[in-house]
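Report on one structure; see the data block that follows.
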Amino acid sequence: MQADKIWQAALGELQLQVSKANYNTWLKDTRGLDYSNGEFTVAVPSTFIAEWLKSRLNSLVCRIVSGITGQNTSVCFQVQAVNGTPPPVKAGLMPDGGVSLKAREPGLKSAFLNPRYTFANFVSGDCNRFPYTAAIEIASNPGEVFNPFFIYGGTGTGKTHLLHAIGHAAKLLHMSTYYMSAEQFTNEFVTAIRSRKAEEFRVKFSNVDVLLLDDIQFLSGKTGTQECIFHILNDFLADNRQVVISSDRPPKEIECFNLRLRSRLEGGLVVDIFPPDHKTRLAILESKAKVLKSSFDASIMDFLATHFHHSVRELEGALIRLATYARLNNSDPDLDSVKYILNDLISISEQNNGRYQPSTIIEVVADYYAMAPEDIPSKKRDLKTSRARHVVMYLLRQQNYCNLSDIGRVLGGRDHSTVIHGCEKISSQISVDSQLSKSIEDIRILLKSYKTS
Ligand code: ADP
Ligand code: MG
């Protein structure tokens with residue numbers, strides 16, 4: 006059987022199984038390349054798409070392709086020019102600034118970008134690999150790959166950093182870049198309305214190539230501003246200009262939010278970013294310490310990574326305090342002094358961390374799936390229990406209450422890789438399974454009615 010025929014048939018089935026937005030983003034530009042020895046190769050246009058398909062749709066694709074070929078078939082994704090044209094040139098990320106395909110005079114100021122928030126200063130790990138790779142892909146070809154790009158996650162997980170990094174890279178492509186928080190946007194919009202300059206306000210975005218809008222959850226309930234953003238977003242999408250948006254929650258969970266705007270946002274690429282795991286926190290510390298020209302003993306770095314696991318902002322704050330102490334005293338503190346110096350920061354961090362106790366999450370999830378809480382950490386492996394267990398892993402990891410091994414421990418002594426697998430499973434299915442995303446949404450609402458720890 007020819008590879009392209011098999012793949013056309015598979016695409017037909019996939020179209021029925023995944024949402025239109027997902028199909029258009031991940032599958033539309035793929036091609037059947039080769040089928041031999043029980044292995045099917047799919048050509049995909051970029052590394053990011055290859056990675057996404059491999060980790061999130063692999064089992065579905067294998068099942069469908071095996072059904073069509075009539076034998077157990079494994080699938081691999083290979084980056085290749087899908088229409089015979091070479092993959093897009095990533096000129097903008099060249100150290101010399103590259104050559105812009107869309108070179109033009111910057112329209113609005115491309116100021117407001119923090120010089121420290123670059124891709125080079127961003128540490129990637131399991132917790133942020135997808136958003137990071139997607140951001141690089143977008144920064145290399147603004148407006149041409151995933152548009153709009155919506156990135157969500159808790160505070161201090163690096164969303165603003167990534168938005169700025171995209172801005173810096175777009176500037177290298179000589180694209181005009183505009184970063185603003187949703188709050189700033191609202192203030193400017195309200196001032197424009199008051200001075201009857203609403204139309205001028207909207208027009209000022211017409212020269213912008215890359216719009217970076219931070220913390221859009223701030224717009225909850227602000228109907229006029231939402232309507233304005235909806236129109237601006239449409240203008241950008243119509244001209245293939247890039248919009249990147251961040252939020253502390255997915256579009257679905259922003260309350261009092263314009264439905265048309267929500268569906269536009271969901272039509273692009275929506276990616277979640279987790280708080281950094283222990284290993285990534287250590288790597289971030291190393292990188293920040295280098296910038297501060299400081300270095301501390303491994304036991305101190307480990308102490309920081311263990312006690313400041315809620316957000317990178319807190320982690321960075323603790324490191325800066327230690328670096329300042331070391332500089333002023335001309336000596337490195339030992340572990341006991343570190344505990345003393347950071348005492349107040351640790352207790353603030355612990356208060357902030359007081360999200361939901363693992364036992365609360367287990368209880369609420371068990372309640373939602375109508376099962377006993379003891380079933381969740383048990384050895385049971387039926388579909389319903391496994392699903393509930395994976396949801397608990399996912400929610401615990403998202404709020405970063407404890408590290409992966411601790412999550413495994415409260416879930417009946419499972420190991421770190423089982424927890425990653427469970428979280429990935431939910432992450433990947435949320436985007437293709439609307440029932441699951443609704444369940445998670447409902448569970449979060451149930452959790453809100455519980456007291457935080
Ligand atoms: P958010 O917008 O998600 O609240 P920020 O982007 O403001 O978080 O990040 C908070 C601080 O942590 C910033 O100083 C940022 O540079 C740093 N930071 C966050 N994630 C990373 C990372 N993966 N690598 C390096 N620095 C990071
Ligand atoms: Mg931010």
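Heads up: take any position in the sequence shown, counting from 1, add 5, and you land on the numbering used here.
By construction, the Cβ of each residue, glycine as well, lies at the ideal position given by its N, Cα and C atoms.
If you count every other CB in all the chains shown that lies within 10 Å of the CB of residue i, and 16 or more means buried, which is it?
i	result
Gly97	Caution applies to Gly97, whose pLDDT of 38 falls short of 50 and renders its modelled position unreliable; the value that the coordinates give is listed next. Classification for Gly97: buried.
Thr311	exposed
Ser439	exposed
Ile450	exposed
Gly229	exposed
Asn146	buried
Tyr137	buried
Lys114	With a pLDDT of 46 at Lys114, under the threshold of 50, the modelled position of this residue cannot be trusted, and the question is left open.
Tyr345	exposed
Lys389	exposed
Lys384	exposed
Ile412	buried
Leu340	exposed
Thr196	exposed
Lys25	exposed
Asp447	exposed
Arg286	buried
Ser266	Going by the sequence as given, residue 266 is Leu instead of Ser. Leu266 is buried by the Cβ-count criterion.
Gly148	buried
Asn27	buried
His236	exposed
Val94	Because the pLDDT of Val94 is 42, which lies under 50, any placement of that residue in the model is unreliable, and the number read from its coordinates should be weighed accordingly. So Val94 counts as exposed.
Leu178	buried
Ala15	buried
Rank the options by C-alpha distance to the C-alpha of residue i and give the top, closest one.
i	options	result
Thr46	Thr30, Lys25, Asn335 and Ile11	Ile11
Asp9	Gly43, Ala48, Val213 and Trp31	Ala48
Phe262	Ser300, Thr191 and Gln222	Gln222
Val150	Leu177, Val195, Ile198 and Trp31	Trp31
Ser181	Leu416, Ala187, Ile171 and Gln189	Ile171
Cys81	Ala371, Lys227 and Ser41	Ser41
Arg269	Val249, Leu287 and Val128	Val249
Ile431	Asp420, Val397, Ser454 and Asp447	Val397
Phe53	Glu188, Phe135 and Val437	Phe135
Ser454	Val369, Val128 and Ala377	Val369
Ser422	Gln434, Arg402, Ile435 and Leu441	Arg402
Pro382	Lys164, Leu416 and Glu142	Leu416
Ala294	His283, Leu324, Phe155 and Lys284	Leu324
Ile234	Thr165, Lys257 and Leu264	Leu264
Ser292	Glu321, Ile305 and Ser304	Glu321
Write down the C-beta distance between residue i and residue j rounded to the nearest angstrom, noting that I regard them as a contact closer than 8 angstroms.
i	j	result
Pro281	Cys132	5 angstroms
Leu38	Gln85	7 angstroms
Glu44	Ser71	The Cβ separation is near 11 angstroms, so there is no contact.
Phe206	Glu193	7 angstroms
Gly158	Val317	With a Cβ gap of about 11 angstroms, Gly158 and Val317 do not count as contacting.
Ala187	Asp214	Contact flag wrong, Cβ pair sits at about 20 angstroms.
Alpha carbon to alpha carbon, how far is residue j from residue i? Give it in angstroms, no decimals.
i	j	result
Phe117	Arg36	41 angstroms
Gln247	Pro153	6 angstroms
Ser225	Leu400	23 angstroms
Glu386	Leu168	A quick correction: the sequence has Arg, not Glu, at residue 386. The alpha-carbon atoms of Arg386 and Leu168 are separated by roughly 41 angstroms.
Tyr122	Ser364	37 angstroms
Leu452	Ile445	10 angstroms
Glu300	Asn335	In the sequence on display, residue 300 carries Ser and not Glu. Distance between the alpha carbons of Ser300 and Asn335 is about 13 angstroms.
Ala331	Lys443	50 angstroms
Tyr184	Pro120	13 angstroms
Leu277	Cys428	The sequence shown places Asp at residue 277, not Leu. Distance between the alpha carbons of Asp277 and Cys428: 12 angstroms.
Arg394	Gly418	13 angstroms
Asn348	Arg326	11 angstroms
Ala139	Ala174	13 angstroms
Leu4	Glu379	In the structure displayed, the chain extends from 6 to 458; residue 4 sits before or after that span and is not available.
Gln83	Ala55	7 angstroms
Asp302	Asn239	52 angstroms
His314	Glu204	45 angstroms
Phe124	Gln13	37 angstroms
Leu274	Val128	22 angstroms
Gly17	Ile73	11 angstroms
Ala144	Pro50	16 angstroms
Trp57	Leu441	19 angstroms
Gln20	Gly272	15 angstroms
Val23	Ile289	36 angstroms
With H, G and I counted as helix, E and B as strand and the rest as coil, what does DSSP make of residue i?
i	result
Val343	helix
Ala377	coil
Met180	coil
Gly43	coil
Leu118	coil
Gln247	strand
Gly130	coil
Gln83	strand
Arg36	strand
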